[in-house]
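Here is the structure we will look at, set down as structure tokens.
Residue numbers (this note's numbering): 38 to 153.
Take a look at the structure:
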């Protein structure tokens with residue numbers, strides 16, 4: 038069983054920045070494919086960004102140029118740096134960890150609210 042714990046959410050004004058962190062347990066962290074999802078009220082969960090074992094990244098179009106996903110295998114942690122935040126980025130952000138053959142593991146989520 039892998040434990041996934043997000044942190045770093047909060048209230049920020051439009052144009053501001055936040056950095057989310059996600060710690061995942063397990064000795065094979067370097068083999069995990071990691072992702073950030075978000076779910077806004079009344080909407081389906083949306084894939085925001087992914088980072089592969091080798092560091093390749095992908096982003097949903099709406100966050101390209103504003104969000105950066107990164108990983109630190111020495112700390113078993115994945116980050117999501119979010120800049121120039123907009124009200125439409127308001128959502129609960131979830132971290133997901135998986136590797137080949139695993140069912141995938143979710144964190145409990147962290148709330149991000151962008152409002153003046």
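We put the beta carbon where it would ideally sit given N, CA and C, even for glycine.
{"query": "State whether the region 47 to 65 contacts the region 125 to 141, with contact taken as three or more CB pairs (one from each stretch) at a distance under 8 Å.", "result": "yes"}
{"query": "Can you name the start and end residues of the beta strand (DSSP E) that residue 47 belongs to?", "result": "47 to 49"}
{"query": "Just the C-alpha distance for residue 63 and residue 49, rounded to the nearest angstrom, thanks.", "result": "32 Å"}
{"query": "Specify, as a first and last residue, the run of the beta strand (DSSP E) that residue 90 falls within.", "result": "Unbroken run through residue 90: none, as it is neither H nor E."}
{"query": "Let's test the definition: count the other Cβ atoms within 10 Å of the Cβ of residue 144 and tell me whether it reaches 16, buried, or not, exposed.", "result": "buried"}
{"query": "Can you have a look at residue 110 and say buried or exposed, based on whether 16 or more other CB atoms are within 10 angstroms of its CB?", "result": "exposed"}
{"query": "When you compare only the Cα positions, how much space is there between residue 124 and residue 115?", "result": "24 Å"}
{"query": "So, for residue 118: in the same chain, excluding its five sequence neighbours on each side, which residues have a beta-carbon less than 6 Å away from its beta-carbon?", "result": "56 and 105"}
{"query": "Hey, which unbroken runs of the beta strand (DSSP E) at 3 residues or more fall wholly within the region 64 to 109?", "result": "70 to 76, 83 to 88, 94 to 96 and 104 to 109"}
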